[in-house]
Amino acid sequence: LPMATVVERGTLKQRLPTAIIIGVGKCGTDALRDMLSMHPNIVAATSEIHYFNNNNHYRLGLEWYRKLMPLSYEDQITIEKTPHYFTSTEAPKRMFKYNSTIRLLLVVKDPVTRALSHYAHIKYEWKMKI
């Protein structure tokens, strides 16, 4: 899609997401968010917010959640990425209540490859001799 001029696009403001990236750890959710963010009509929150799977965050309400989103124009898609929504029992119900037509982008990986990637990540992060 061609980029519109600033005058045509309207007001920059923080908007609630219309798409959420979910998945399992070490499966490429960061890479997907980063690649999608390269498109001029997509903006993404840079951190995992854990709004739908964290009771303390969820109690803070949608206004708190919205304030954590990046600035966007009305014609842009706002994306949030929290892989752990995939394994949460509460997140699906809460996401449906928030927006029954929200787009979920699920990223999965071969379980053996994912386990090896997770092992390497932990070993590197914690400098462990495993």
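Each residue of the sequence shown is one higher than the one before, counting from 1311 in this note's numbering. Even for Gly, the Cβ is constructed at its ideal location relative to N, Cα and C. These figures come from a predicted structure and were not determined experimentally.
When you compare the CB positions of residue i and residue j, do they come within less than 8 Å of one another, or not?
i	j	result
residue 1322	residue 1381	yes
residue 1333	residue 1396	yes
residue 1338	residue 1419	yes
residue 1352	residue 1386	yes
residue 1389	residue 1432	no
What is the C-beta distance between residue i and residue j, in whole angstroms, given that I count them as a contact (C-beta under 8 Å)?
i	j	result
residue 1393	residue 1335	6 Å
residue 1325	residue 1376	7 Å
residue 1355	residue 1378	6 Å
residue 1349	residue 1359	So it is not a contact: roughly 21 Å between Cβ atoms.
Using a beta-carbon distance below 8 Å, is residue i in contact with chain C?
i	result
residue 1378	Any reference to chain C falls outside this structure, which holds one protein chain only.
Using only alpha-carbon positions, find the residue among the options that is nearest to residue i.
i	options	result
residue 1328	1415, 1431, 1397 and 1339	1415
residue 1357	1344, 1435 and 1383	1344
At which residues does the beta strand (DSSP E) containing residue i begin and terminate?
i	result
residue 1331	1329–1333
residue 1391	1387–1391
residue 1413	1413–1417
residue 1355	Where residue 1355 is concerned, there is no enclosing beta strand (DSSP E), given that its DSSP letter is neither H nor E.
Would you kindly report the start and end of the unbroken alpha helix (DSSP H) that includes residue i?
i	result
residue 1342	1339–1347
residue 1359	It is not in any alpha helix (DSSP H) - residue 1359 carries neither H nor E in the DSSP assignment.
residue 1372	1371–1376
residue 1401	1401–1408
residue 1325	Where residue 1325 is concerned, there is no enclosing alpha helix (DSSP H), given that its DSSP letter is neither H nor E.
Look at the alpha carbon of residue i and the alpha carbon of residue j, and state the distance between them as a whole number of angstroms.
i	j	result
residue 1426	residue 1362	28 Å
residue 1398	residue 1372	19 Å
residue 1435	residue 1424	16 Å
residue 1384	residue 1409	17 Å
residue 1369	residue 1407	14 Å
residue 1437	residue 1340	22 Å
residue 1365	residue 1374	13 Å
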